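**Q** What follows is a structure written as structure tokens; I'll ask about it next.
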Amino acid sequence: MTKRILGRLVWTCLLFGVTTANSQNTKSKNNEIPLPVIPVGQDAYLHWDQLPMQRIGARAYMRSTYDRDGGNESADASHFLYAAADDQYVTLDVKGTGVLYFFRANHWHGSPWHFAIDGKDNIVRETGTSDPVNAKKVFQNTSFIPEPAFPKPLNWTWSTTKGADLIWSPMPFTDSLRIAYSRTRYGTGYYIYQLYANKDRLSRPIQSWNSDAAPEQAVVDLLSRAGTDIAPQGISKKIGSVKLDRGNILLTQIKAGRSVIRALKLNIPLDKAVDLERMRLVVKWDGAEQPSIDAPLCLFFGTGTLFNREKKEFLVKGLPINIRYDYEKNRVELSCYYPMPFFREAKIELAGITPVNASIDYEVRYEPDNMELPLSSYFHATYKDVPEPAPGMDMTYLDTKGIEGQQDWSGSFVGGSFIFSHTANLGTLEGDPRFFFDDSQTPQAYGTGTEEWGGGGDYWGGENMTLPLAGHPCGARTRELATGDKDLVESAYRFLFADIMPFGKRAVIRFEHGGENLSAEHYEAVSYWYGLPAASLIKTDSVDIGNEASEGSHNYTSPEASPVQTLESRYEWGIDVFPAKVWGMDAGKMPGYQQKAGAEIYPAHREDGRFTRGTSMFKVRLASGNRGVLLRRTLDYSFPNQTAKVYIATKADPQQTDFQPAGIWYLAGSNTSVYSDPPGELDKARQITKTSNRRFRDDEFMIPAILTSGASSITVKIVFIPNGQTLLPEFRFPKESAWSELRYEVYSYVIPTFGLPSAK
Numbered sequence: 001m002t003k004r005i006l007g008r009l010v011w012t013c014l015l016f017g018v019t020t021a022n023s024q025n026t027k028s029k030n031n032e033i034p035l036p037v038i039p040v041g042q043d044a045y046l047h048w049d050q051l052p053m054q055r056i057g058a059r060a061y062m063r064s065t066y067d068r069d070g071g072n073e074s075a076d077a078s079h080f081l082y083a084a085a086d087d088q089y090v091t092l093d094v095k096g097t098g099v100l101y102f103f104r105a106n107h108w109h110g111s112p113w114h115f116a117i118d119g120k121d122n123i124v125r126e127t128g129t130s131d132p133v134n135a136k137k138v139f140q141n142t143s144f145i146p147e148p149a150f151p152k153p154l155n156w157t158w159s160t161t162k163g164a165d166l167i168w169s170p171m172p173f174t175d176s177l178r179i180a181y182s183r184t185r186y187g188t189g190y191y192i193y194q195l196y197a198n199k200d201r202l203s204r205p206i207q208s209w210n211s212d213a214a215p216e217q218a219v220v221d222l223l224s225r226a227g228t229d230i231a232p233q234g235i236s237k238k239i240g241s242v243k244l245d246r247g248n249i250l251l252t253q254i255k256a257g258r259s260v261i262r263a264l265k266l267n268i269p270l271d272k273a274v275d276l277e278r279m280r281l282v283v284k285w286d287g288a289e290q291p292s293i294d295a296p297l298c299l300f301f302g303t304g305t306l307f308n309r310e311k312k313e314f315l316v317k318g319l320p321i322n323i324r325y326d327y328e329k330n331r332v333e334l335s336c337y338y339p340m341p342f343f344r345e346a347k348i349e350l351a352g353i354t355p356v357n358a359s360i361d362y363e364v365r366y367e368p369d370n371m372e373l374p375l376s377s378y379f380h381a382t383y384k385d386v387p388e389p390a391p392g393m394d395m396t397y398l399d400t401k402g403i404e405g406q407q408d409w410s411g412s413f414v415g416g417s418f419i420f421s422h423t424a425n426l427g428t429l430e431g432d433p434r435f436f437f438d439d440s441q442t443p444q445a446y447g448t449g450t451e452e453w454g455g456g457g458d459y460w461g462g463e464n465m466t467l468p469l470a471g472h473p474c475g476a477r478t479r480e481l482a483t484g485d486k487d488l489v490e491s492a493y494r495f496l497f498a499d500i501m502p503f504g505k506r507a508v509i510r511f512e513h514g515g516e517n518l519s520a521e522h523y524e525a526v527s528y529w530y531g532l533p534a535a536s537l538i539k540t541d542s543v544d545i546g547n548e549a550s551e552g553s554h555n556y557t558s559p560e561a562s563p564v565q566t567l568e569s570r571y572e573w574g575i576d577v578f579p580a581k582v583w584g585m586d587a588g589k590m591p592g593y594q595q596k597a598g599a600e601i602y603p604a605h606r607e608d609g610r611f612t613r614g615t616s617m618f619k620v621r622l623a624s625g626n627r628g629v630l631l632r633r634t635l636d637y638s639f640p641n642q643t644a645k646v647y648i649a650t651k652a653d654p655q656q657t658d659f660q661p662a663g664i665w666y667l668a669g670s671n672t673s674v675y676s677d678p679p680g681e682l683d684k685a686r687q688i689t690k691t692s693n694r695r696f697r698d699d700e701f702m703i704p705a706i707l708t709s710g711a712s713s714i715t716v717k718i719v720f721i722p723n724g725q726t727l728l729p730e731f732r733f734p735k736e737s738a739w740s741e742l743r744y745e746v747y748s749y750v751i752p753t754f755g756l757p758s759a760k
């Protein structure tokens with residue numbers, strides 16, 4: 001038995017907590033299926049075959065230095081939660097057990113960075129830090145310091161990425177994580193981390209990272225294989241060739257029982273590539289009526305066009321997806337290695353073909369899949385065309401609600417490929433990504449701009465680049481330099497791998513078009529995601545604080561709570577009103593903006609609630625077969641650094657005596673923040689305090705399954721912890737910290753209840 005097969009067998013046993021004789025599990029009821037073992041840290045790379053897994057008890061968040069007023073001040077740079085010291089301007093502050101999977105900064109800005117993990121301050125620098133004024137002239141090749149902790153191709157600096165420092169080395173933390181910048185000039189960045197509820201269902205124990213640690217060589221080797229065939233060899237295969245002589249053709253249909261496609265490869269004539277780039281790849285799973293993949297060929301494989309201006313070998317040299325040009329054979333190879341499970345059959349087609357005198361070769365490799373049906377997920381690639389984005393409103397690239405005729409979906413968002421201009425206009429890149437999961441009104445992911453999401457900075461300097469997990473594969477530097485219409489197409493890709501974003505019932509992927517949603521470009525996008533048409537998060541209760549009936553029915557008590565307060569405010573969704581000028585032009589004279597200047601976009605609304613500096617308790621209903629709980633609190637974010645201990649009891653006795661600690665619930669910062677973007681690289685930090693008018697916020701806390709399993713209700717006790725963190729070293733926040741509670745929503749984690757479509 002080979003090491004690869006043996007390793008896969010051992011991992012499968014760990015995953016399900018059973019021996020290899022696992023066939024009977026398919027007949028088990030959902031409440032008998034054990035929670036999956038989530039691959040964490042470096043395992044999230046090494047066990048990438050588990051990407052389709054339902055990540056029950058895991059949440060992902062993306063935080064950044066975005067403009068808290070919803071605009072694009074300093075290109076979303078230098079907005080800090082608070083300053084812990086004169087050389088520590090904090091951009092991220094988290095409590096819990098988790099892993100930081102991604103860090104991005106513009107060039108070297110902010111370095112030296114403080115990565116305070118579980119109380120230890122790890123200092124990370126980048127080469128350009130030593131001479132930030134002249135770095136672009138002095139340094140041709142830059143690196144992170146300490147270099148062993150951040151090897152290529154897992155990590156990259158601006159000399160390769162054309163503008164950004166990118167860290168993909170996983171940084172685990174057991175209790176806390178804080179990132180701070182030493183310098184504030186153009187301090188822009190975003191960060192992706194995951195938190196975990198069930199420590200006993202992780203692939204390896206979480207141990208605190210430190211800067212002396214180097215990634216395992218196997219992880220580095222995996223990333224080094226970007227652009228090559230990373231899927232298993234020696235497994236079942238279907239190969240063939242079809243003529244492109246009609247509108248729709250069937251490539252292949254696989255009927256193999258529970259299986260997973262590990263490689264989907266197409267090979268097209270190089271001289272016909274541009275002509276064929278807009279035909280659509282269409283894939284249906286298990287006899288479903290609607291396809292889960294229906295996308296233009298070029299965008300599905302990571303680029304807006306197959307026009308290859310510089311005749312490079314790789315247009316997309318990604319890890320899960322790549323495009324390679326073979327000039328000797330006059331062919332273009334398009335490959336996708338995202339695992340694609342199915343449980344009965346897979347049907348792969350091409351549609352929208354303009355007949356040409358050419359053929360396309362294909363190869364599909366697949367193998368048996370040992371994952372339980374309700375714990376696995378179908379792969380999707382959802383295409384969205386936005387020829388005229390609505391002024392002032394985000395574009396929605398993906399909303400899983402109702403897709404394919406199904407209301408609820410559980411799974412993970414794993415990236416996207418998108419066209420942001422058909423006219424070589426790089427200015428559209430100021431738009432921020434905002435992702436909302438499971439009905440949250442606050443985005444769990446909020447970035448600083450579009451090219452940042454694509455792994456760049458400063459618009460990549462107009463240059464093209466391709467990395468294993470991000471890139472800008474096509475598009476001329478300017479309209480004037482374009483060699484033709486296809487060279488005007490600007491696109492980017494971002495593949496999520498270890499940093500995937502789980503959701504339990506709905507995912508909404510939104511992007512701004514331009515820095516204030518005012519770009520009129522033509523956008524297109526393909527969103528990659530895994531999903532089952534069933535929920536793994538079910539809303540089972542809601543407590544409306546300030547509503548007497550709701551408080552009474554949930555046994556709400558909070559002896560030190562304030563009287564009911566009424567708050568009129570907004571969530572953080574974008575600008576409030578249309579500006580009078582757009583890029584220095586009178587908005588009323590621009591197409592699509594007539595009569596809009598000064599008009600309200602996101603109106604304020606009112607909510608009631610309380611705040612306390614004591615203890616709150618309430619009782620809520622759960623799904624009896626729950627596998628843990630997600631609490632979501634709507635709060636007033638004007639109270640800074642809200643911190644509390646959470647306890648859970650399951651006894652029906654109102655004199656609860658069995659409270660068990662569930663962890664610390666912490667939300668850093670407030671709607672008052674520090675803005676500091678001095679004009680010079682080495683200028684002293686400016687300390688400007690800013691208070692936004694967005695006080696509504698939704699925040700989440702996961703309760704471990706061990707505290708809720710089998711219970712149909714729980715009593716939650718929240719004990720406020722005073723937090724004296726100052727806004728600046730010698731300047732307090734405008735308000736004293738308190739625990740704000742306007743509403744609690746209760747979601748029970750469950751194993752998704754899913755049945756296959758009827759066989760035809």
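Residue numbering for the sequence shown follows my numbering, starting at 1 and increasing by one per position. Using N, Cα and C, we set each Cβ at its ideal position, and we do this for glycine too. Small disclaimer: the values here were computed from a predicted structure and weren't measured.
On the DSSP bridge list, what partners appear for glutamine 88?
**A** Looking at the DSSP assignment, glutamine 88 forms a beta bridge with Ala85.
**Q** Strictly under 8 Å for the Cβ-Cβ distance: is lysine 486 near chain B by that measure?
**A** The question asks about chain B, but that chain is absent: this structure has only one protein chain.
**Q** On the premise that lysine 238 lies in contact with glutamate 463, defined as a C-beta separation below 8 Å, what is that separation, rounded to the nearest angstrom?
**A** With a Cβ gap of about 39 Å, glutamate 463 and lysine 238 do not count as contacting.
**Q** Would you report the Cα separation of proline 172 and phenylalanine 578, rounded to the nearest angstrom?
**A** Computed Cα separation, rounded: 42 Å.
**Q** Using a Cβ-Cβ cut-off of 6 Å (strictly less than) and excluding sequence neighbours within five positions of serine 519, which residues of its own chain qualify?
**A** Result list for serine 519: Thr428, His513, in chain order.
**Q** Tell me whether the beta-carbon of proline 339 lies closer than 8 Å to the beta-carbon of leucine 532.
**A** Not in contact: proline 339 and leucine 532 (Cβ atoms no closer than 8 Å).
**Q** Compute the distance between the beta-carbons of alanine 75 and isoleucine 192, then report whether it is under 8 Å.
**A** Not closer than 8 Å, so no.
**Q** Closest by CA to tryptophan 573, which one among Arg204, Gly392, Trp453?
**A** Of the listed residues, the one whose Cα sits closest to tryptophan 573 is Gly392.
**Q** How about histidine 109 and arginine 183: are their beta carbons less than 8 Å apart?
**A** Yes, the Cβ-Cβ distance between histidine 109 and arginine 183 is below 8 Å.
**Q** Leaving aside the five residues before and after serine 542 along the sequence, list all residues of the same chain whose C-beta is less than 6 Å from its C-beta, in chain order.
**A** Answer for serine 542: Glu745, listed in chain order.
**Q** Just list the beta strand (DSSP E) runs in the segment 233 to 308, keeping only unbroken ones of 3 residues or longer that don't cross its boundaries, in chain order.
**A** Listed in chain order, the complete beta strand (DSSP E) runs (minimum 3 residues) inside the segment 233 to 308 are 236 to 243, 249 to 255, 259 to 269, 280 to 285, 293 to 296.
**Q** Grab the span of the alpha helix (DSSP H) containing tyrosine 45 for me, first residue to last.
**A** Looking at the DSSP string, the run of the alpha helix (DSSP H) that includes tyrosine 45 is 43 to 46.
**Q** Starting from the Cα of threonine 780, find the closest Cα among Lys311, Ile293, Gly227, Trp665 and give me that residue.
**A** Because residue 780 is not part of the residues shown, which for the chain are 1 to 760, the question remains open.
**Q** Within the segment 609 to 644, note down every full beta strand (DSSP E) run reaching 3 residues or more, in order along the chain.
**A** Within the segment 609 to 644, the complete beta strand (DSSP E) runs of at least 3 residues are 615 to 621, 629 to 636.
**Q** Nearest-angstrom Cα distance between serine 111 and alanine 164?
**A** For serine 111 and alanine 164, the distance between alpha carbons rounds to 12 Å.
**Q** If we count Cβ pairs, one from each stretch, closer than 8 Å, do we get three or more for the segment 544 to 555 versus the segment 435 to 446?
**A** With a cut-off of 8 Å, the segment 435 to 446 and the segment 544 to 555 do not count as touching, because too few Cβ pairs lie within range.
**Q** Return the Cβ separation of glutamate 345 and aspartate 286 in integer angstroms, given the expectation that the two are a contact with Cβ distance under 8 Å.
**A** With 8 Å as the limit, glutamate 345 and aspartate 286 qualify as a contact, their Cβ atoms being about 6 Å apart.
**Q** How far does the beta strand (DSSP E) with valine 386 in it reach, from first residue to last?
**A** Valine 386 -> beta strand (DSSP E) spans 378 to 386.
**Q** List the endpoints of the continuous beta strand (DSSP E) containing leucine 222.
**A** Premise fails: leucine 222 lies in the alpha helix (DSSP H), 217 to 224, not in any beta strand (DSSP E).
**Q** Would you identify the three-state DSSP class for alanine 180, choosing helix, strand or coil?
**A** The answer is strand: DSSP assigns alanine 180 an E or B state.
**Q** Assuming valine 414 contacts leucine 51 under a Cβ cut-off of 8 Å, what Cβ separation, rounded to an integer in Å, is found between them?
**A** Yes, valine 414 and leucine 51 are in contact; Cβ-Cβ is about 7 Å, under 8 Å.
**Q** Between the alpha carbons of serine 130 and histidine 472, how many angstroms are there, rounded?
**A** The alpha-carbon atoms of serine 130 and histidine 472 are separated by roughly 28 Å.
**Q** Would you mind giving the Cβ-Cβ distance between threonine 612 and serine 562, rounded to the nearest angstrom? I have them listed as a contact below 8 Å.
**A** Yes, they are in contact, since the Cβ atoms of threonine 612 and serine 562 sit about 7 Å apart, within 8 Å.
**Q** Note down, in chain order, each residue of its chain lying with its Cβ closer than 6 Å to the Cβ of valine 133, except the 5 sequence neighbours on either side.
**A** Answer for valine 133: Glu681, listed in chain order.
**Q** Taking 8 Å as the cut-off, decide whether the C-beta atoms of lysine 95 and aspartate 175 are in contact.
**A** For lysine 95 and aspartate 175, yes; Cβs fall inside 8 Å.
**Q** Among all the DSSP beta bridges, which residues are the ones paired with glycine 416?
**A** Arg494, Ser527.
**Q** Along the chain, where does the beta strand (DSSP E) containing serine 64 start, and where does it finish?
**A** 58 to 64 is the span of the beta strand (DSSP E), which, as asked, contains serine 64.
**Q** From the DSSP secondary-structure annotation, give me the bridge partner or partners of histidine 605.
**A** Ser569, per the DSSP bridge assignment.
**Q** Note down the Cα distance separating arginine 246 from proline 355, rounded to an integer number of angstroms.
**A** So the two alpha carbons sit approximately 5 Å from each other.
**Q** Give the straight-line distance between the Cα atoms of phenylalanine 301 and isoleucine 321, rounded to the nearest whole angstrom.
**A** Straight-line Cα distance between these residues: approximately 6 Å.
**Q** What separation, rounded to the nearest whole angstrom, lies between the Cα atoms of threonine 540 and arginine 732?
**A** C-alpha separation (whole angstroms): 39 Å.
**Q** Three-state secondary structure (DSSP) at arginine 8?
**A** In this prediction, arginine 8 has a pLDDT of 42, which is less than 50 and means its spatial position is unreliable; nothing more can be read from the coordinates.
**Q** Could you work out which residue in Pro722, Tyr196, Val260 is closest to asparagine 641 when comparing CA atoms only?
**A** Of the listed residues, the one whose Cα sits closest to asparagine 641 is Pro722.
**Q** Secondary structure at alanine 534, three-state DSSP: helix, strand or coil?
**A** Alanine 534 falls in the coil class under three-state DSSP.
**Q** Sorted by chain position, which residues of the same chain lie with C-beta nearer than 7 Å to serine 28's C-beta, five sequence neighbours on each side aside?
**A** Residue placement at serine 28 cannot be trusted, given a pLDDT of 44 that sits under 50; what the coordinates show is reported in the next sentence. Result list for serine 28: empty, nothing under 7 Å.
**Q** Following a CB-centred definition, is alanine 83 positioned closer than 7 Å to any heavy atom of the ligand GDP?
**A** Among the components of this structure there are no ligands whatsoever, and the ligand GDP is therefore not found.
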